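Going by the working numbering, the final residue of the sequence shown carries number 632, and the count climbs one at a time with no gaps.
Cβ atoms here follow ideal geometry from the backbone N, Cα and C, with glycine treated the same way.
Keep in mind that this is a model prediction, so the values were computed, not measured.
Presented below is the structure to which this report refers.
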Amino acid sequence: MVTALLLSLLFPHEINNHRARLLQPLFVALSILMFLGTQLALPFLPRLTPIVLGYSSNITPDRIIELVNKERAATGAPVLNVDTLLTQAAVSKASDMLTKGYWAHVAPDGTDPWYFFTNSGYQYRYAGENLARDFSTPDAVVSAWMASPSHRDNLLAPRYEDIGIAVVEGDLKGVKTTIVVQLLGRKLGTLAAPPAGTVPESSAVSTVPLSAKIAGLKEEARNILIADKLRFISPFTASSRIALFLVSFFLAVFTLDIIIVHQRRIARRSSHSAAHLVFLGMILIVILASKAGLVL
């Protein structure tokens, strides 16, 4: 009975009118509905099982600053100096986003990025902000900024002298994430021009304040204890792996269908297996090429 069921589901045979049941419209539609259902269920998974849904990163402010200065040096722009006031401002901005639950340069209440500059005591002549989230390495963060023309221009602008980076982990709209805030600036001088601020069209980098290191160590220790008890899953990874499994599975079934039909010289009134195979192959390429992370 098991053999007959497998024959019916996976292989063209007399018992399924020479078309695997998994390739018939009803089963394909059910598979799509199951995939969509898993995507809708992912946000509720932590409530049902001891799993943390989110992104784990190995990002450090020092490494981001090193990479940024390397990119600037390659274009002849002056290297940036770490400024404690900008670092404090970056941490404040990251905390504000997590507390108020937004991902934008301007908060829902209208607070703009420049508020955090002045509130930390940094009087700027020029100011800029880059943001990033859901990346796992500092190299990926800087690469994403450099790939965006607006972020690249902001990051390489010779008018900036100082930098502040904050890398903060927290819960944003129900998903554990890592936010990177990068603030760039040049202090107001005696002959300074009117203050000017620039925000790229897409993302903002952040700096981790020196004053937060002690508190950060305590929080890190707490997170390690929690991590021993919880499993950590990236939403992007979970979603892409499910999609990869389904697409690969149907690719295999369609391939078997084409091979068996060809070998047995089965005549079918209409068969689009080859077209479906090409379409699934394109989807597979998109899945494999997709990467996690957002810039703003």
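- By the 16-neighbour rule on beta-carbons within 10 angstroms, V517 is buried.
- L421 is positioned such that its CB atom lies closer than 7 Å to that of S456.
- For L416, same chain residues with a beta-carbon under 8 Å away, outside a window of 5 residues either side, are I401, V404, N405, R408, Y496, E497, D498, I499, L520 in chain order.
- The continuous alpha helix (DSSP H) containing V478 extends over residues 474–483.
- With fewer than 16 other Cβ atoms inside 10 Å of its own Cβ, S584 counts as exposed.
- Sixteen is the threshold: when 16 or more other Cβ atoms of the shown chains lie within 10 Å of the Cβ of I395, as they do, the residue is buried.
- Within the model, the alpha-carbon separation for D445 versus L362 is close to 48 Å.
- Spanning the alpha carbons of G525 and A463 requires a straight line of approximately 14 Å.
- Taking 7 Å as the cut-off, the Cβ atoms of K429 and F453 do not count as close.
- Going by C-alpha positions, G373 is about 21 Å away from K512.
- Residue L613 holds the alpha-carbon nearest to the alpha-carbon of F590 among R357, I578, L613.
- In this structure, DSSP gives N394 a state outside helix and strand, which the three-state scheme calls coil.
- DSSP, reduced to helix, strand and coil, places Y451 within a helical segment of the structure shown.
- The beta carbon of G506 is closer than 6 Å to those of L434 in its chain, skipping five residues each way along the sequence.
- The alpha-carbon separation between M618 and G412 amounts to approximately 41 Å.
- One Cα belongs to P474, the other to W439, and the distance between them is close to 19 Å.
- Residue pairing by DSSP puts L508 in a beta bridge opposite V511.
- Looking at the backbone, the Cα of L491 and that of N466 are separated by about 8 Å.
- A straight line joining the alpha-carbon of V364 with that of P485 spans about 41 Å.
- For A426, the uninterrupted alpha helix (DSSP H) run begins and ends at 420–436, by DSSP.
- In the three-state reduction of the DSSP assignment, G373 falls in the helix class.
- In this structure, the straight-line span from the alpha carbon of I515 to that of Y458 is close to 22 Å.
- Within the model, the alpha-carbon separation for Y460 versus H487 is close to 19 Å.
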